[in-house]
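In full-length UniProt numbering, the protein residues as written are 1 to 405.
Glycine included, every Cβ here is placed at the ideal spot set by N, Cα and C.
Remember, predicted model here, so these are calculated numbers, not experimental data.
Below is one structure, written out as structure tokens; the observations come after it.
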Ligand SMILES: [Zn+2]
């Protein structure tokens, strides 16, 4: 008997409509203001289909008509743009010494950016999640007061994240098996919108690809700074997650077996050489005289001030850090051949002093000539992971699903 189960099944017409809706939304996002005829001409959808989808998207307030018309041969056309008014998406981020909340509208415009001092490295998971939930509730309240419906919320964690939104390990936070998504959903009383969790590196890469200086680049890596150095990898236009979602953990790549102790238990890891606590400890030897550092921003500002004054010890320490950074980036470049590697957080703040040494280290260490054409730059995005979290929270709607379904 011949089984028919492996034969292609007819596509559900509902699926086709969802996919076409996504195509129309994407065209409007990238090319607004644009007309119905533009959409039909550029997407290959027929005009009747476009008209029907546009009517539905206007009805759902995902796009709107503007008063603008386009004069060209034939009739003037009504122009369409994304509707920025009715919705918001939220991104949260657990940083080295702060919690961050960002809200954006459907077009990616920032509605709020909040930073709250919080020592996540020394707090318990329960304390951190309680503070995160309080911040989320306030952000939801703020956008709700503007009359907006929240489409989704994504939290960035400096650690590994599985597909259920649980963090099996976040060494920098001292976390093991923390069900972040489930606990946050419960703390927010099971909201109608999706609560997602991802690594800060993945979310920062999503933000870079959408909003950064190399936006639209198909092969791009964002290397996070802060407490945990990690890579968010966009390969061939898509986030590279690996089999269980743990790809990109380059922070514990050993660069020097005799190097400084890492918080993971190893020695000479990339994190132990270029991570924020490591850099602060190396460049400001007196920093822990009064106990462990819980607030890194003032220390980072001290390093910047000393570098601006051409302090020789700080400049040579930053150049050494830059060389280590270049070594780590060379591994990424040899493995992935990205068009750009963008560094974030304190690596971006210290970029004027780190990147010259890092670029020359990269050019020397990478196997491909000219580092395979890779640009190494500092991120221009503020709070990239939270922005990426908000961007990721739009994914369902951008994939063509209607809000609230
Ligand atoms: Zn390590």
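Using the Cα positions of residue i and residue j, report the straight-line distance between them to the nearest angstrom.
i           : j           : result
residue 365 : residue 340 : 16 Å
residue 255 : residue 320 : 13 Å
residue 104 : residue 81  : 16 Å
residue 125 : residue 291 : 22 Å
residue 259 : residue 347 : 20 Å
residue 1   : residue 201 : For residue 1, the predicted model reports a pLDDT of 42, less than 50, meaning its position is unreliable; a value from the coordinates is still stated below. Looking at the two C-alpha atoms, the distance is approximately 50 Å.
residue 247 : residue 52  : 41 Å
residue 181 : residue 309 : 45 Å
residue 140 : residue 93  : 15 Å
residue 199 : residue 273 : 21 Å
residue 165 : residue 281 : 33 Å
residue 226 : residue 241 : 21 Å
residue 398 : residue 152 : 12 Å
residue 32  : residue 79  : 8 Å
residue 6   : residue 58  : Reliability of the predicted coordinates at residue 6 is poor, the pLDDT of 47 falling under 50, and no value is obtained from them.
residue 162 : residue 48  : 42 Å
residue 239 : residue 216 : 13 Å
residue 115 : residue 146 : 20 Å
residue 379 : residue 183 : 32 Å
residue 67  : residue 390 : 29 Å
residue 300 : residue 121 : 17 Å
residue 263 : residue 283 : 18 Å
residue 233 : residue 171 : 20 Å
residue 123 : residue 316 : 34 Å
residue 252 : residue 266 : 8 Å
residue 136 : residue 363 : 43 Å
residue 361 : residue 370 : 12 Å
residue 231 : residue 223 : 5 Å
residue 288 : residue 298 : 13 Å
residue 76  : residue 185 : 48 Å
residue 113 : residue 97  : 16 Å
residue 26  : residue 130 : 36 Å
residue 276 : residue 149 : 37 Å
residue 190 : residue 196 : 13 Å
residue 302 : residue 106 : 38 Å
residue 352 : residue 326 : 14 Å
residue 173 : residue 89  : 26 Å
If you run the structure through DSSP and keep just helix, strand and coil, what is residue i?
i           : result
residue 63  : strand
residue 185 : helix
residue 133 : helix
residue 199 : strand
residue 177 : strand
residue 101 : strand
residue 168 : strand
residue 340 : strand
residue 110 : strand
residue 157 : strand
residue 406 : Given a span of 1 to 405 for the chain in the structure shown, any question on residue 406 remains unanswerable.
residue 122 : coil
residue 45  : coil
residue 152 : strand
residue 116 : strand
residue 89  : strand
residue 30  : helix
residue 307 : helix
residue 1   : Because the pLDDT at residue 1 is just 42, under 50, the model does not fix this residue reliably, and the value given afterwards should be weighed accordingly. Reduced to three states, the DSSP call for residue 1 is coil.
residue 394 : coil
residue 96  : coil
residue 77  : strand
residue 402 : coil
What does a CB cutoff of less than 6 Å around residue i pick up in its chain, not counting 5 residues either side in sequence?
i           : result
residue 322 : 354, 357, 358
residue 328 : 270
residue 377 : 342
residue 388 : 203, 204, 206, 207
residue 464 : A question about residue 464 goes unanswered here, because the residues of the chain that appear run from 1 up to 405.
residue 100 : 93, 115, 383, 386
residue 295 : 97
Once you ignore the five residues that flank residue i on each side, which residues in its own chain have a CB closer than 8 Å to its CB?
i           : result
residue 368 : 333, 334, 337
residue 110 : 102, 103, 104, 387
residue 245 : 160, 161, 162, 163
Kindly say whether residue i, judged by its beta-carbon, lies nearer than 8 Å to any beta-carbon of chain B.
i           : result
residue 252 : The structure shown contains no chain B; it is built from a single protein chain.
In chain order, what residues of the same chain have a beta carbon less than 7 Å from the beta carbon of residue i, not counting five sequence neighbours either side?
i           : result
residue 404 : 192
residue 84  : 105, 106, 107, 109
Closer than 6 Å to ligand 1: residues, by C-beta to nearest heavy atom, in chain order: Any residue whose Cβ sits closer than 6 Å to a heavy atom of ligand 1 makes the list: 252, 262, 264, 266, 269, 271, 272.
Let me know the alpha helix (DSSP H) ranges lying completely inside the stretch 214-297, each 4 residues or longer, listed in chain order. Fully enclosed alpha helix (DSSP H) runs of 4 or longer: 270-274, 276-283.
Counting only runs that start and end within the stretch 321-384, where is the beta strand (DSSP E) found for 3 or more residues in a row? 340-343, 375-378
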